[in-house]
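Chemist:
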Amino acid sequence: MPFVQGQLRRQPISVTIDSQCAHCSRPMRLHVDSDLNYRSEDATDPIIYLPIVDFAKLRAPSIIDAF
Numbered sequence: 015m016p017f018v019q020g021q022l023r024r025q026p027i028s029v030t031i032d033s034q035c036a037h038c039s040r041p042m043r044l045h046v047d048s049d050l051n052y053r054s055e056d057a058t059d060p061i062i063y064l065p066i067v068d069f070a071k072l073r074a075p076s077i078i079d080a081f
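Dropping the structure here:
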C-alpha cells in the first residue's frame, strides 16, 4: 500500500491499480499516492479508504495479518 510505504520511507510513492467494479465488472484503473490522493482514468467515483486498526487491541503478528 503506497500510504504505508510512503509514510515509512518519508517519500512520495504511488501505485496504479487495475481492478473492476464489483457491481458491473467494468474495468477500472486507479492511481493512488502515499497521501491517499487518487485519480481514475475512467468515469468512475471509487471508494478509497484507509482501514482503521486499534493497535492497542491488535493481537495479530502484524497489521497485514489483521486484514
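Numbering (the numbering used here), first residue to last: 15 to 81. Ideal Cβ positions, reconstructed from N, Cα and C, are used throughout, including at glycine. These numbers were taken from a predicted model, which means no experiment stands behind them.
1. Taking the CB atoms as reference points, tell me whether I31 and L44 lie closer together than 8 Å.
2. Residues in the same chain with beta-carbon distance under 7 Å from R40, minus the five sequence neighbours each way, listed in chain order, please.
3. Name the one or two DSSP bridge partners that S54 has.
4. Going by Cα to Cα distance, which pick from S48, A70, D79, M42 is closest to Q23?
5. Return yes when the Cβ of D56 is within less than 8 Å of the Cβ of M42, no when it is not.
6. Which residue comes first and which comes last in the beta strand (DSSP E) that contains Q34?
7. How is D79 classed by DSSP in three states: helix, strand or coil?
Modeler: Looking at the coordinates:
1. As a first step, residue 31 is located in the sequence shown; it is residue number 17 there, counting from the start. As a first step, residue 44 is located in the sequence shown; it is residue number 30 there, counting from the start. Closer than 8 Å, so yes.
2. By 1-based counting over the sequence shown, the position of residue 40 is 26. Within the same chain, R40 has close Cβ partners Q34.
3. Here the question's residue 54 lines up with position 40 in the sequence shown. Beta-bridge pairing links S54 to L44.
4. Within the sequence shown, residue 23 is the residue found at index 9, counting from 1. Strictly speaking, residue 23 in this sequence is Arg, with Gln absent from that position. Looking at the Cα atoms, S48 is the closest of the given residues.
5. As a position in the sequence shown, residue 42 is number 28, starting the count at 1. As a position in the sequence shown, residue 56 is number 42, starting the count at 1. In this structure, D56 lies closer than 8 Å to M42 by Cβ.
6. The residue you call residue 34 lines up with position 20 of the sequence shown. That run of the beta strand (DSSP E) goes 28-34.
7. Sequence index remark: in the sequence shown, residue 79 carries index 65 (1-based). Reduced to three states, the DSSP call for D79 is helix.
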